[in-house]
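Read in this note's numbering, the sequence shown has 340 at position 178, and its numbers run on one by one without any break.
Everything on this sheet refers to the single structure shown next.
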Amino acid sequence: MAEDVETTIRGPQAYSLAARALQLMQEAQVWPTALNYELWLHYARQPDGKLGRAIQDLLEFKTPITEAVSEQLAADHLPRGGLQDQIKDASEALGRELAAVSQAVEAAQRNQAAYGKTLEGASQGLTAGAEAPAFKALVDTLAAATKKVQSHSKTLEQRLAATTTEVDVLRNRLEEARRDATTDGLTQLSNRKSFDEHFERLRGLSQNGRGPLTLALLDIDHFKKFNDTWGHQTGDQVLRFVASVLARHGKSPRFAARYGGEEFAMLFAGENPVQVMSALETIREEIAGRVLKRRSTNEDLGAVTISMGVAVLRTGEKCASLTERADAALYSSKRNGRNRVSNAESLPAAA
Ligand code: C2E
């Protein structure tokens with residue numbers, strides 16, 4: 163799967179994509195509303211995708227792009243719209259299930275009340291001293307009423323079992339939607355949005371005395387050259403390879419994400435600098451030590467290397483400042499020959 167818009171707009175192609183989206187909007191004479199911009203970003207990135215084709219159809223037939231049309235496009239095609247729809251569908255289905263269960267419970271209550279009345283009538287019949295035929299009729303009535311109640315209890319039981327299954331299915335579907343919204347499609351690592359949320363949360367925990375927080379920014383060296391030489395498909399495989407190594411070393415409580423383009427980020431909560439540097443060195447060596455093959459031709463692609471910059475959160479520091487320092491360290495790694503880890507704390511004060 164190609165990378166998604168969320169990733170592209172934080173990567174090297176960000177501004178050319180944005181410019182192209184605006185140009186297409188102007189050509190189509192649609193208002194540059196936030197929603198239209200989002201739609202046209204997707205269209206500019208993938209004109210042959212489903213959304214792109216839907217927009218082209220509308221333009222071809224000169225359909226005015228009203229707000230309602232844009233909203234419909236978003237609901238049908240935008241990932242966020244899809245997620246909202248899934249949540250809406252799931253909550254509607256849940257509502258239907260609960261209504262059905264509550265009806266079944268009400269019916270069971272009515273039956274219980276009717277059964278109670280039958281029993282009451284029977285006990286009155288008994289105290290009046292029943293003759294044998296009347297007594298038999300009474301027993302028959304009681305047996306029939308008991309059977310009815312049993313059957314209703316069974317229906318209720320089945321209804322509840324079906325609801326439990328349905329609720330499990332809905333829960334899984336929502337979980338899947340949540341995962342999709344936080345995962346980068348190409349590498350299956352967490353995406354930038356999810357990273358930003360984790361970063362802010364872990365920063366808060368660290369500032370509240372829950373141990374140090376270290377940010378590492380990682381960038382594949384000469385990735386553009388690699389892409390130009392071997393093509394985008396192989397470039398994508400390289401991204402997936404690097405991501406797979408990060409995923410292996412970035413398991414919870416660590417956190418690894420695709421940060422944008424060929425850049426990745428890792429968060430280390432509660433680990434000391436020696437532990438963090440040792441983990442990053444292992445990652446660096448693992449990546450640099452693997453000779454990759456081009457899948458289509460089996461040619462040797464050689465090894466890729468990554469440069470990294472690390473910074474530890476300071477008291478009172480915001481995410482943006484920590485990122486800036488990690489980025490300066492990453493830049494230092496690039497400047498000093500790549501394939502290395504630089505620590506912001508060891509950079510000259512000016513950096
Ligand atoms: P993938 O192609 O989906 O492969 C997933 C996993 O299957 C790999 O995880 C590896 O454990 C195994 N695997 C697949 N093909 C081979 C193979 O030909 N030989 C061996 N020994 N194992 C294989 P891994 O290594 O962590 O790679 C993750 C992803 O990174 C791969 O996903 C692929 O997209 C990319 N990748 C890794 N190595 C190479 C490579 O040498 N060439 C290319 N083009 N891509 C690679």
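Yeah, the Cβ is synthetic: ideal placement off N, Cα and C, and Gly gets one too.
- The ligand C2E never approaches Thr-459 closely enough for any of its heavy atoms to be under 8 Å from the residue's Cβ.
- In the three-state reduction of the DSSP assignment, Glu-424 falls in the coil class, being assigned neither a helical nor a strand state.
- Note on the segment 436-499: whole alpha helix (DSSP H) runs with a minimum of 4 residues are 481-497, in chain order.
- Buried is the label assigned to Leu-377, since at least 16 other Cβ atoms lie within 10 Å of its Cβ.
- Per the DSSP secondary-structure output, Phe-417 pairs in a beta bridge with Leu-429.
- The DSSP-derived three-state label of Val-503 is strand.
- Within the same chain, Cβ atoms closer than 7 Å to the Cβ of Val-407 are found at Ile-445, Glu-448 and Ile-449, the five residues on either side in sequence being excluded.
- Counting of Cβ neighbours within 10 angstroms places Gly-366 among the exposed residues, the total staying below 16.
- Listed in chain order, the non-local C-beta contacts of Val-311 below 8 Å within the same chain comprise Asn-273, Gln-274 and Tyr-277, local neighbours out to five positions each way being set aside.
- The beta-carbon distance between Thr-467 and Asn-501, rounded to whole angstroms, is 4 Å. This is short enough to meet the 8 Å contact definition.
- Close CB contacts of Thr-349 within its chain, under the 6 Å cut and outside five residues either way in sequence, are with Leu-401, Arg-402, Ala-405 and Arg-420 (chain order).
- Your pair Gly-471 and Leu-379 checks out as a contact, with CB atoms roughly 5 Å apart and the cut at 8 Å.
- Contact between the segment 252-267 and the segment 325-337 is present, with at least three C-beta pairs closer than 8 Å.
- The beta-bridge partner set that DSSP reports for Ser-352 consists of Thr-345 and Ala-419.
- Taking every protein chain shown into account, the CB of Phe-417 has 16 or more other CB atoms within 10 angstroms, so this residue is buried.
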